[in-house]
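A.B. asks:
There are 2 protein chains.
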Amino acid sequence: MKNIFIPGFLISTAKAHITAVNKEDIALIYSKIPAHVAATFTRNSIKAAPVKLTKRRIKLGFAQAIFINSGNANACTGKQGERDAKEITALIAKGLKIPKKYTLICSTGVIGELLPMEKIKKGIKELLMSLKPTGWENVAKAIMTTDTFPKVVFKKGRIGKKSFSLLGIAKGAGMIMPNMATMLAFFITDIAIEHSYLSNMFKDIVSQTFNRITVDGDTSTNDTALILANGYIGNEPLRKNHSIFEECLFETALELAKMIAKDGEGATKFITIEVHQAPSLKAAEKIAKTVANSILVKTALYGGEPNWGRIMAAIGRCGVAVNPNKIDIYLGNIPLVQAGAGNNKEDEAKKYLTHKEIIIKIFLRMGDKKATCYSCDLTPEYVKLNAYYRT
Amino acid sequence: MKNIFIPGFLISTAKAHITAVNKEDIALIYSKIPAHVAATFTRNSIKAAPVKLTKRRIKLGFAQAIFINSGNANACTGKQGERDAKEITALIAKGLKIPKKYTLICSTGVIGELLPMEKIKKGIKELLMSLKPTGWENVAKAIMTTDTFPKVVFKKGRIGKKSFSLLGIAKGAGMIMPNMATMLAFFITDIAIEHSYLSNMFKDIVSQTFNRITVDGDTSTNDTALILANGYIGNEPLRKNHSIFEECLFETALELAKMIAKDGEGATKFITIEVHQAPSLKAAEKIAKTVANSILVKTALYGGEPNWGRIMAAIGRCGVAVNPNKIDIYLGNIPLVQAGAGNNKEDEAKKYLTHKEIIIKIFLRMGDKKATCYSCDLTPEYVKLNAYYRT
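Here the protein sequences line up with chains B and C, keeping their order. Per my numbering, residue 1 is the first one in the first sequence, and the count goes up by one each step. Per my numbering, residue 1 is the first one in the second sequence, and the count goes up by one each step.
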């Protein structure tokens, strides 16, 4: 991972000391030439200042730099927060000699506090002086808040005779819930791709990956997933249905999304919930997300209890009309519930629940639609982490 | 409380040993004459066998007996579960020499296990032999699962020259969420009241009390609130808008609902969330419930952290379009957030959060509608309780 580089991109990281934690907390991603950009943002109606600014700027279709900070979300910070976000991008643009409008900003951390601008300005100077082609893992670390490990996925592929690189990095941990789920995810590639194709494909892929994970049902004010494609490899720009690149991007996004669920605050188990035989995709998603978010299900999984009644109760309360007498539930390959009734597989199921990765499969016998969600268990550790997050 | 009695009603409790816990776990409420009955039930589309049976029978408008058990919900138990519920009511009806159709049943506890019918039959014999006019607190105790205290409210009032009694008992603790919230609540009165008036008023009152509380966002398969009015005092039956009785019933229901929120599993704090100046009642309720259910808000309150950013994020994600720059948030009387920005009241707020009862007031400046929700904090104890509920 240390030697990853994507032609045409330079990066740097630094310590701005935004919080008391002594870690690198700001990062800069720079493309030597304007790159096509696409992004999706939180649907929370309260959006952080950097989200509003970046959302406006990516409409141009091009970007060249992204400044990212952890430790402070710059959300609910009013006009001053908006001025601060703009000022940061202006400093970056000036230092890199690129247009302000091509300069983006993403923030994550505590809501409701102004950015410590003097510290950040000093940090920006460092960022501008230390740009280099490698060190992506440091970027992944710099954007972490309560994540326990950096999330990096790197893939290479071929388009005709040219080989392309695709890098994804993300951070997650808390305030994670389907509806533009990850707090921050960045995809960097040297492929050339037509803007509207990139934009539509990216939205689709985000909805099938990041929007399918949940840690705690809380949607952040800062969620952003963003892709930069600078076309450095000089291929004929992709225009539609390019299965090799789409698959590569999908896999990268899915791997990152799963990492976020796995690294949910305090989590000890990674949970996959598959809903099969649903009457519609929407119904399948609704049921999968409701089960994934049920804190009674999540605590039972933490305790290793095959308490399937809680899964049934969650299925029943999500607003989809189901027939309980038709429902089968599997834990892995163990048929825990058949036709709505317990199947005396509790001992097997208990053993299965000692694993770190749990798959719950729900069969509704109402159709042929399917959806999968990713989640984690809810632990006393999660509660403690979030009870004393700021202290 | 020990001497509460409601003319015309007899009660009894017994140990059926449904679970390993050595406590009284079945109860019988009997009205010497057919009483008017009204009820509301869970909106979970998966309903327990006793809910389905009782729901059918109360349509007659009259009832004379309620059998209640804790320890086993008789939910997701298929045809056998339905036969068991019927058999129990048949035994009660036979013993009391009343019509089966006037005999109701409510269950609470683990989902997905068949009732231990032999034990329950033995218990029923005891119940039938030990009916007496007092001991309501024992009924409140017998229906408890993880509740830490019995929930009983008793009021007296006057209608003209006649005095009436109104008793409410309830159990809550887990799987509590607005949408017919309490698992079980019973109201017993000796007033005479016209059936359709009782029925409509009761629904209204439940929606403003039990449906405004949440512990964990999970709606049970067994929720039932039920009122019996036997008319023993011989008043002219109430027909409409009787403010004295309505207020008495509302207050009783609200007190019980608050007790349930206060006694949420593992809870250390009772939280009231008021949303003011909302554009509609629906918007006010949505925001209040989303804040009440946010596990990030609930954990922050447990930790005593005035992390208002989480309150803002919850307001923003619930689907109501709000203007964050207009929002004020108070903790008690402390103006924590004004016009969407922090107000440097953190020290005061931290001190306030050491209290056992917390009030969060949200002002939206978007209209004049108001809603209040009741909830509790989320603690490591909740997680532990629910991780090992069945062991």
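Every residue gets a Cβ at the ideal spot worked out from N, C-alpha and C, and that includes glycine.
Cβ-heavy atom distance between B:GLY8 and the ligand SAH below 7 Å?
C.D. replies: Among the components modelled here there is no ligand, and therefore nothing to report on the ligand SAH.
A.B. asks: Quick check: the Cα distance between C:ILE18 and C:ALA75, rounded to an integer number of angstroms?
C.D. replies: Position 18 of the second sequence holds residue 18 of chain C. Position 75 of the second sequence holds residue 75 of chain C. Their Cα atoms are separated by approximately 15 Å.
A.B. asks: To the nearest angstrom, report how far apart B:LYS32 and B:LEU238 are at their CA atoms.
C.D. replies: Sequence index remark: in the first sequence, residue 32 of chain B carries index 32 (1-based). Sequence index remark: in the first sequence, residue 238 of chain B carries index 238 (1-based). B:LYS32 and B:LEU238: Cα-Cα distance of roughly 21 Å.
A.B. asks: What's the gap between the Cα of C:ASN386 and the Cα of C:ASP377?
C.D. replies: As a working note, residue 386 of chain C is residue 386 in the second sequence. As a working note, residue 377 of chain C is residue 377 in the second sequence. Spanning the two alpha carbons is a distance of roughly 15 Å.
A.B. asks: With a threshold of 8 Å between beta-carbons, can B:PRO380 be considered close to chain C, or not?
C.D. replies: Within the first sequence, numbered from 1, the residue matching residue 380 of chain B stands at position 380. B:PRO380 counts as touching chain C.
A.B. asks: Assuming C:ILE287 and C:ILE233 form a contact by the criterion Cβ under 8 Å, report the distance between their Cβ atoms to the nearest whole angstrom.
C.D. replies: Counting from 1 along the second sequence, the entry for residue 287 of chain C is found at position 287. Counting from 1 along the second sequence, the entry for residue 233 of chain C is found at position 233. About 42 Å; that fails the 8 Å criterion.
A.B. asks: Scan the stretch 244 to 298 of chain B and note each continuous beta strand (DSSP E) run of 3 residues or more that stays entirely inside, going in chain order.
C.D. replies: Taking only runs of at least 3 residues, the beta strand (DSSP E) segments lying wholly in the stretch 244 to 298 of chain B are 270 to 278.
A.B. asks: What are the complete beta strand (DSSP E) segments, minimum 3 residues, inside the stretch 23 to 87 of chain C?
C.D. replies: Listed in chain order, they are 26 to 41, 62 to 72.
A.B. asks: Which class does C:ILE124 belong to by DSSP, given the choice of helix, strand or coil?
C.D. replies: To locate residue 124 of chain C, count along the second sequence from 1; it is residue 124. The answer is helix: DSSP assigns C:ILE124 an H, G or I state.
A.B. asks: Quick one: Cα of C:LYS101 to Cα of C:VAL51, how far?
C.D. replies: To locate residue 101 of chain C, count along the second sequence from 1; it is residue 101. To locate residue 51 of chain C, count along the second sequence from 1; it is residue 51. Roughly 14 Å separates the two Cα atoms.
A.B. asks: Roughly how many angstroms separate the alpha carbons of B:GLU255 and B:CYS248, rounded to a whole number?
C.D. replies: Counted from its first residue, the first sequence places residue 255 of chain B at position 255. Counted from its first residue, the first sequence places residue 248 of chain B at position 248. Going from the Cα of B:GLU255 to the Cα of B:CYS248 covers about 11 Å.
A.B. asks: I need the straight-line Cα distance from B:CYS373 to C:ALA192, nearest angstrom please.
C.D. replies: In the first sequence, residue 373 of chain B corresponds to position 373, counting from 1. In the second sequence, residue 192 of chain C corresponds to position 192, counting from 1. Distance between the alpha carbons of B:CYS373 and C:ALA192: 53 Å.
A.B. asks: Helix, strand or coil: which one does DSSP assign to C:LYS326?
C.D. replies: Locating residue 326 of chain C in the second sequence gives position 326, counting from the first residue. Helix, per DSSP.
A.B. asks: Does the beta carbon of C:ILE18 come closer than 8 Å to any beta carbon on chain B?
C.D. replies: In the second sequence, counting from the first residue as 1, residue 18 of chain C sits at position 18. No, its Cβ sits nowhere closer than 8 Å to a Cβ of chain B.
A.B. asks: Taking the alpha-carbon positions, what's the C:THR145 to C:LYS23 distance?
C.D. replies: Numbered from 1 along the second sequence, position 145 holds the residue referred to as residue 145 of chain C. Numbered from 1 along the second sequence, position 23 holds the residue referred to as residue 23 of chain C. Spanning the two alpha carbons is a distance of roughly 10 Å.
A.B. asks: Just to confirm, are C:ASN44 and B:ARG56 a CB contact at a threshold of 8 Å?
C.D. replies: Numbered from its first residue, the second sequence carries residue 44 of chain C at position 44. Numbered from its first residue, the first sequence carries residue 56 of chain B at position 56. No, Cβ-Cβ distance for C:ASN44 and B:ARG56 is not below 8 Å.
A.B. asks: Check B:SER207 in the structure and name its three-state DSSP category.
C.D. replies: Taking the first sequence and counting its residues from 1, the one referred to as residue 207 of chain B is at position 207. Here B:SER207 sits in helix by DSSP.
A.B. asks: Using the beta-carbon of each residue, which ones in chain B are nearer than 8 Å to C:ASN325?
C.D. replies: The residue you call residue 325 of chain C lines up with position 325 of the second sequence. Residues of chain B passing the Cβ test: GLY78.
A.B. asks: Can you name the residues of chain B whose CB is closer than 7 Å to the CB of C:ASN44?
C.D. replies: Taking the second sequence and counting its residues from 1, one reaches residue 44 of chain C at position 44. What C:ASN44 touches in chain B: ALA313, GLY316, ARG317.
A.B. asks: How many Å lie between C:ASN222 and B:LYS121 at the Cα?
C.D. replies: Residue mapping note: residue 222 of chain C aligns to position 222 of the second sequence, counting from 1. Residue mapping note: residue 121 of chain B aligns to position 121 of the first sequence, counting from 1. If I take the Cα positions, the gap works out to 58 Å.
A.B. asks: Using the three-state DSSP reduction, which class does B:ALA142 fall into: helix, strand or coil?
C.D. replies: Reading the first sequence from its first residue, position 142 is the one you call residue 142 of chain B. If DSSP states are grouped into helix, strand and coil, B:ALA142 belongs with the helices.
A.B. asks: Just checking: is the beta-carbon of B:ILE33 within a distance shorter than 8 Å of some beta-carbon in chain C?
C.D. replies: On the first sequence, position 33 is the one that residue 33 of chain B refers to. Taking Cβ atoms only, chain C never reaches closer than 8 Å to B:ILE33, which makes this a no.
A.B. asks: Is the shortest distance between the beta-carbon of C:VAL153 and the beta-carbons of chain B less than 8 Å?
C.D. replies: Looking up residue 153 of chain C in the second sequence gives position 153. No, no contact with chain B.
A.B. asks: Would you decide whether B:ILE176 is buried or exposed? Buried here means 16 or more other CB atoms lie within 10 Å of its CB.
C.D. replies: Walking along the first sequence from the start, residue 176 of chain B turns up at place 176. Residue placement at B:ILE176 cannot be trusted, given a pLDDT of 49 that sits under 50; what the coordinates show is reported in the next sentence. So B:ILE176 counts as buried.
A.B. asks: Report the rounded CA-to-CA distance for B:PHE164 versus B:ASP25, giving the unit in angstroms.
C.D. replies: The sequence position of residue 164 of chain B within the first sequence is 164, counting from 1. The sequence position of residue 25 of chain B within the first sequence is 25, counting from 1. The straight-line gap from Cα to Cα measures roughly 29 Å.
A.B. asks: Helix or strand or just coil, what does DSSP make of B:TYR232?
C.D. replies: Translated into positions along the first sequence, residue 232 of chain B becomes position 232. DSSP places B:TYR232 in coil when its eight states are reduced to three.
A.B. asks: Using the rule of at least 16 other Cβ atoms within 10 Å of the residue's Cβ for burial, across every protein chain shown, is C:THR182 buried or exposed?
C.D. replies: By 1-based counting over the second sequence, the position of residue 182 of chain C is 182. Low local confidence applies: a pLDDT of 43 at C:THR182 is under 50, so the model's placement there is unreliable, with the coordinate-based value given in what follows. When all chains shown are included, C:THR182 counts as buried.
A.B. asks: Of all the options C:ASN325, C:LYS369, C:SER294, which has the alpha carbon lying nearest to the alpha carbon of C:PRO279?
C.D. replies: Along the second sequence, read from residue 1 onward, the residue named residue 279 of chain C stands at position 279. For the residues C:ASN325, C:LYS369, C:SER294, the minimum Cα distance to C:PRO279 belongs to C:LYS369.
A.B. asks: Measure the Cβ-Cβ separation of B:ILE29 and B:VAL139 and say whether it is below 8 Å.
C.D. replies: Your numbering for residue 29 of chain B matches position 29 in the first sequence. Your numbering for residue 139 of chain B matches position 139 in the first sequence. Cβ atoms of B:ILE29 and B:VAL139: closer than 8 Å.
A.B. asks: I think C:PHE9 touches C:ASN230, with their Cβ atoms under 8 Å apart; what is that distance to the nearest whole Å?
C.D. replies: Position 9 of the second sequence, counted from the start, is the residue given in the question as residue 9 of chain C. Position 230 of the second sequence, counted from the start, is the residue given in the question as residue 230 of chain C. With a Cβ gap of about 7 Å, C:PHE9 and C:ASN230 count as contacting.
A.B. asks: For B:TRP308, return the contacting residues in chain C, with the cut-off set at a CB-CB distance below 7 Å.
C.D. replies: Here residue 308 of chain B refers to the residue found at position 308 when the first sequence is read from its first residue. Neighbours of B:TRP308 on chain C, chain order: GLY112.
A.B. asks: Thinking C-beta only, is B:ALA341 closer than 8 Å to C:GLY78?
C.D. replies: For this step, residue 78 of chain C is matched to residue 78 along the second sequence. For this step, residue 341 of chain B is matched to residue 341 along the first sequence. It is a contact, given that the beta carbons lie within the stated cut-off.
A.B. asks: Under 8 Å, Cβ to Cβ, is there at least one residue of chain C near B:ASN305?
C.D. replies: Locating residue 305 of chain B in the first sequence gives position 305, counting from the first residue. The question names Asn, but residue 305 of chain B in the sequence shown is Glu. By this cut-off, B:GLU305 is an interface position.
A.B. asks: Which residues in the same chain have their Cβ closer than 6 Å to the Cβ of C:LYS326, if we skip the five residues on either side of it in sequence?
C.D. replies: Your numbering for residue 326 of chain C matches position 326 in the second sequence. Closer than 6 Å at Cβ, skipping near neighbours: ARG365.
A.B. asks: Just the Cα atoms here: how many angstroms apart are C:PRO306 and C:ILE271?
C.D. replies: On the second sequence, residue 306 of chain C is found 306 positions in, with the first residue counted as 1. On the second sequence, residue 271 of chain C is found 271 positions in, with the first residue counted as 1. The straight-line gap from Cα to Cα measures roughly 13 Å.
A.B. asks: Buried or exposed: where does B:MET129 fall if 16 or more other Cβ atoms within 10 Å of its Cβ makes it buried?
C.D. replies: Sequence index remark: in the first sequence, residue 129 of chain B carries index 129 (1-based). It counts as exposed.
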